[in-house]
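Q: Quick one: the structure is below, questions incoming.
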Amino acid sequence: MTRASARESAFAGRELGIVVAFVAVVAAATITRPTFLSGQGIHDLLLNASIIALLAIGQALLVITRNIDLSVGSVMGLSAYLSGQLFLVDKDLPIVVVVLAGIALGAVCGAVNGALVAIAKVPALVVTLGTLYVFRGIDYAWASGTDTTQINAYQMPSGFLSLGSGSVLGVPNLSLIALVVLAIAAYGLHNFRAGRELYAIGSNPDAARLAGIPTGRRVFGAFVISGALVGLGGVMHAAYFGTINASVGNGRELAVVAAVVVGGVAIFGGSGTVVGAALGALLLTTITSALPILGVPAFWQRAVDGAALLVAISLDRAFMVRLAQRLRAERAVRRAG
Amino acid sequence: MTALTPPLLELRDVHKSFAAVHALRGVSLELRAGEVHGLAGENGAGKSTVVRVIGGEHRPDAGEVLVDGEPVHFAGPRDAQQAGIAVIHQEPTQFPDLTVAENVFMGRQPLRSFRRIDRAAMNSRAAELFDSLGVPIDPGRVTRGLSIADQQIIEIGKALTADARIIVMDEPTAALSTVEAQRLFRVVARLVENGAALLFISHRLEEMYEICQRVTVLRDGSFVTSSPMGSITRDELVRSMVGRSVEQLYPARDHEAGDEALVVTGLRRDGVFADVSFSVRRGEIVGLAGLVGSGRSEVARAIFGVDTLDAGTVTVGGRRLSGGDPRAAIEAGVAMVPEDRREQGLILDLSIERNATLPQLGAVARWGLVRRSRERAVASAWTDRLGVKRRRVTDAVATLSGGNQQKVVLGKWLATEPVVLIVDEPTRGIDIGAKVEVHALLSDLAARGIAVLMISSELSEVLGMADRVLVMHEGRLTAELAKEEATEEKVLQAATGGAA
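Chains as they are written, first to last, in numbering that gives the first Met the number 0: chain Y, 0 to 336; chain Z, 0 to 499.
In structure tokens, the structure reads:
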């Protein structure tokens with residue numbers, strides 16, 4: 000078993016690569032400004048990465064099945080706005096109700112996407128590009144309809160805000176949530192049939208259907224789970240920043256997809272891990288934090304995200320070419336032997 | 000006595016239509032335990048539709064499917080699997096990113112507590128499986144890069160581990176060499192001994208006679224006959240398939256070969272083939288035989304410039320080709336009809352005319368713009384000459400049958416008026432009628448002075464068509480036999496590395 004799993008994770012090298020890149024960025028930033036790696040510095044790094052990592056975990060589930068969700072930024076905005084609105088209606092509302100409401104809203108949005116993809120058979124890229132605008136439109140309409148363009152921290156209960164800013168044993172609450180979700184997702188993907196079936200669907204959709212896998216249901220399920228995680232991410236955003244308007248999460252979809260790809264999830268599905276996706280999110284947010292310290296103007300951030308994406312895809316390509324060569328050589332050896 | 004126990008699987012008067020096409024019009028079939036049952040018929044006769052109905056992919060419009068005498072209604076492939084049916088499709092259906100063991104057990108992984116996958120059990124069961132089949136495949140490796148023969152074995156492994164009692168094999172040997180096919184037949188024989196029933200589809204009639212006990216023949220979606228294999232002669236079988244008798248499978252060839260059109264010397268591609276030297280003369284058909292993976296197709300790809308060479312020269316009509324440049328090869332007069340017409344030879348969604356003119360758009364274009372009328376004229380001329388059965392040249396190639404697709408591929412290259420024609424498995428997966436036409440076509444081309452290099456896994460095709468037979472084994476040429484001295488035995492010996 001150990002032998003097999005060692006080979007299964009041929010992409011484990013990829014996760015190692017992210018860690019190396021991560022260490023290099025942190026080292027460079029720390030040399031320039033030693034406080035970068037102080038307790039507070041690490042705390043901030045984790046906190047910044049948590050929400051995007053959560054979204055990346057959900058996105059990874061979809062990309063593994065050869066799908067994509069571009070509407071995550073809009074869904075996150077909707078769910079964050081919902082949290083604020085609920086507290087405007089009743090500031091004493093139990094926090095758990097608000098969290099669950101955000102998750103449910105995200106799941107519903109995911110279900111809409113999933114239904115259009117799995118049942119109506121429209122490509123995910125097109126569906127979620129459409130819902131990106133539709134969900135954002137609903138968000139704006141809601142904000143203008145209720146005449147509250149911005150909801151501020153004082154309008155929310157302190158318990159909710161401390162959920163966003165608090166920590167346990169030095170680890171931020173939000174990071175703990177992301178880690179728990181990550182652990183569950185990673186374990187589930189590896190150890191349950193439904194998890195392996197997601198990989199099968201991405202690896203060869205026709206074969207998956209012939210193998211009797213309910214592909215539509217699995218893809219739909221992945222969209223709902225991913226949507227729920229995005230919903231949770233929206234609530235976390237509200238709790239962390241304490242200021243919500245209708246443009247929360249605007250443009251986040253690109254960072255999320257970049258994190259997933261940098262994390263080694265093959266864009267055409269079939270391979271990659273949620274751990275990789277989360278590490279990708281951590282790497283990209285760390286680069287973002289390190290840029291100003293290293294003297295790079297912050298407006299380069301997006302360019303750097305994009306460059307990381309390109310480097311990641313080039314590395315994958317190089318890896319595949321090398322793998323093909325190795326397989327060819329192996330076959331030659333077997334033939335000679 | 001068999002009448003007392005119901006057949007494992009029975010189709011009764013099954014009908015199926017797709018839009019305007021009446022694919023099955025009353026097909027009946029009985030499959031009994033311990034029996035290998037052949038399903039014969041030309042392409043388009045409805046064999047694949049029968050397979051899909053049995054496999055739960057299509058629901059019949061009328062008629063009944065019975066398992067153990069009980070009517071069943073499959074809503075999808077999973078239902079069929081649960082009824083003990085396993086379908087091994089024409090093209091292996093692997094998950095390239097997953098391991099061999101995961102491929103074998105997908106959807107049916109052994110479980111431990113809390114419905115978690117028991118990987119240890121899964122891998123060891125897969126290892127046992129391949130041991131028992133006598134095939135050294137590492138269950139822990141990803142399937143990407145496995146040969147078609149190995150992938151086929153994985154498909155069989157799936158059926159075995161699912162404890163399938165009814166196994167349907169749709170052209171399992173189309174991509175296998177003779178030795179690999181024999182290995183498959185041994186496995187099949189064991190399955191049947193253990194009480195499974197097998198529905199076996201093949202275009203190679205020899206194979207049917209070798210392993211089937213009964214045969215059912217379909218023509219144009221209708222049931223023609225069903226009889227014990229022993230009591231139907233080859234001629235009768237062919238006649239019932241095509242509705243006429245096929246006089247001769249291979250055309251008589253009698254003409255002089257001309258100058259050397261293609262000369263290759265010392266071709267080497269590291270890890271794939273080495274020391275390959277031969278020539279093909281104008282008007283000559285040279286057969287290149289060998290097992291799948293022996294390097295035949297790779298040599299062809301290197302000659303055509305798709306793959307680069309590490310050493311050696313390719314000369315066409317006295318002109319040396321620069322390696323790794325298909326465009327230069329085309330300009331020098333080389334045409335190649337690749338092994339896998341669907342992946343490499345055709346763009347299935349494009350129209351017949353678009354496909355036919357693809358390699359020579361320059362000839363139908365003016366000032367860089369393709370002239371549709373000219374394109375249409377060229378395409379019509381070629382498809383008519385090759386006898387492609389089509390409705391309009393604007394129809395997508397995907398709508399044609401396999402044999403007609405192959406003719407479009409041939410036509411597309413013939414329109415470039417080549418000096419050297421390389422064909423790789425020209426009749427794989429096409430029916431007898433179309434096969435005869437393709438053979439006649441190749442012979443006709445040779446008679447017009449084209450040098451033909453034909454790669455084929457079908458021994459009878461090589462022996463029947465080729466003026467000279469080259470045999471490859473493990474990346475090297477192991478024999479060169481003139482038509483008179485080429486026998487099945489000699490070719491096989493050279494192909495398997497035995498003393499020539």
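C-beta atoms are modelled at their ideal positions from N, C-alpha and C, and glycine is treated no differently. Predicted, not measured: the structure shown is a model, and the values here were computed from it.
(1) Whose C-alpha, out of Arg218(Z), Asp258(Z) and Asn102(Z), is nearest the C-alpha of Ile155(Z)?
(2) Rounding to the nearest angstrom, what Cα-Cα distance links Ser27(Z) and Leu217(Z) in this structure?
(3) According to DSSP, simplified to helix, strand and coil, what is Gln212(Z)?
(4) Using a Cβ-Cβ distance cut-off of 7 Å, determine whether Thr92(Z) contacts chain Y.
(5) Closer than 7 Å, Cβ to Cβ, to anything on chain Z: give me those residues from the stretch 169 to 193 of chain Y, in chain order.
(6) Are the CB atoms of Ser82(Y) and Val234(Y) within a distance shorter than 7 Å?
(7) Quick check: the Cα distance between Ala120(Z) and Leu92(Y), rounded to an integer number of angstroms?
(8) Quick check on Glu255(Z): buried or exposed, where buried means 16 or more other Cβ atoms within 10 Å of its Cβ?
(9) Between Lys434(Z) and Ala355(Z), is the Cβ-Cβ spacing less than 7 Å?
(10) DSSP puts Glu63(Z) in a beta bridge; with which residues?
(11) CB-CB under 8 Å to Leu308(Z), same chain, minus the five flanking residues each way: which ones, in chain order?
(12) When burial is assigned at 16 or more other CB atoms within 10 Å of the CB, is Pro91(Z) buried or exposed?
(13) Restricting to runs no shorter than 3 residues, where is the beta strand (DSSP E) found entirely within the stretch 366 to 441 of chain Z?
(14) Taking 6 Å as the cut-off, does the CB of Glu90(Z) come closer than this to any heavy atom belonging to the ligand SAM?
(15) Any residues in the stretch 46 to 71 of chain Z with a beta carbon nearer than 9 Å to a beta carbon of chain Y? Which ones, in chain order?
(16) Which residues in the same chain as His472(Z) place their Cβ atom closer than 8 Å to its Cβ, once the five residues preceding and following it in sequence are excluded?
(17) Looking at Ser278(Z): is its Cβ nearer than 7 Å to the Cβ of Glu259(Z)?
(18) Within 10 angstroms of the Cβ of His189(Y), are there 16 or more other Cβ atoms? Answer buried if so, exposed if not.
(19) Does DSSP put Glu330(Z) in a helix, a strand or coil?
(20) Taking the straight line between their C-alpha atoms, what separation do you get for Ala188(Z) and Leu308(Y)?
(21) Which same chain residues, not among the five before or five after Ser239(Z), have their C-beta less than 6 Å away from its C-beta?
(22) Could you check the C-alpha separation between Leu53(Y) and Val125(Y) for me, to the nearest Å?
(23) Considering only residues of the same chain and omitting the five flanking positions on each side of Arg11(Z), which have a CB-CB separation below 6 Å?
(24) Spatial neighbours of Ala422(Z) within its chain, please: CB distance less than 6 Å, with the 5 preceding and 5 following residues excluded, ordered by chain position.
(25) Suppose the cutoff is 8 Å on Cβ atoms and the five residues either side in sequence are ignored; what does the same chain contact list for Glu488(Z) look like?
(26) In chain order, what residues of the same chain lie with their CB nearer than 7 Å to the CB of Leu349(Z), ignoring the 5 residues before and after it?
(27) Which same chain residues, not among the five before or five after Ser226(Z), have their C-beta less than 8 Å away from its C-beta?
(28) Tell me where the beta strand (DSSP E) around Ile152(Z) begins and ends.
(29) Cα separation between Gly271(Y) and Ala481(Z)?
(30) What separation, rounded to the nearest whole angstrom, lies between the Cα atoms of Tyr186(Y) and His14(Z)?
(31) Please classify Ser37(Y) as buried or exposed, where buried requires at least 16 other C-beta atoms within 10 Å of its C-beta.
(32) Return no unless some Cβ of chain Y is closer than 7 Å to the Cβ of Leu97(Z).
(33) Leu128(Y) touches chain Z at which residues, Cβ-Cβ below 7 Å?
(34) Would you mind telling me which residues of chain Y sit closer than 9 Å to Ile116(Z), beta carbon to beta carbon, in chain order?
(35) How far does the beta strand (DSSP E) with Val559(Z) in it extend, from its first residue to its last?
(36) DSSP state of Pro93(Y), grouped into three classes?
A: On the basis of the coordinates in this document:
(1) Asn102(Z)
(2) 10 Å
(3) coil
(4) yes
(5) Asn190, Phe191 and Arg192
(6) yes
(7) 50 Å
(8) exposed
(9) no
(10) Arg11(Z)
(11) Leu266, Arg267, Arg268, Ala301, Gly322 and Gly323
(12) buried
(13) 419 to 423
(14) Of the ligands one can find in the structure shown there are none, so the ligand SAM has no counterpart to examine.
(15) Gly54, Gly55 and Glu56
(16) Gly289, Leu290, Ser293, Ala493, Ala494, Thr495 and Gly496
(17) yes
(18) buried
(19) helix
(20) 53 Å
(21) Val216, Val223 and Thr224
(22) 23 Å
(23) Ser27, Gly62 and Glu63
(24) A small correction: the amino acid at residue 422(Z) is Val; Ala does not occupy that position in the sequence shown. Counting only Cβ-Cβ distances below 6 Å, and skipping sequence neighbours, we find Val336 and Met453.
(25) none
(26) Ala395 and Val396
(27) Arg213 and Val214
(28) It is not in any beta strand (DSSP E) - Ile152(Z) instead sits in the alpha helix (DSSP H) that spans Ile147 to Thr160.
(29) 53 Å
(30) 47 Å
(31) exposed
(32) yes
(33) Those do not exist, as Leu128(Y) stays about 23 Å from chain Z at its closest Cβ, beyond 7 Å.
(34) His189, Asn190, Phe191, Arg192, Gly194 and Arg195
(35) Given a span of 0 to 499 for chain Z in the structure shown, any question on residue 559(Z) remains unanswerable.
(36) coil
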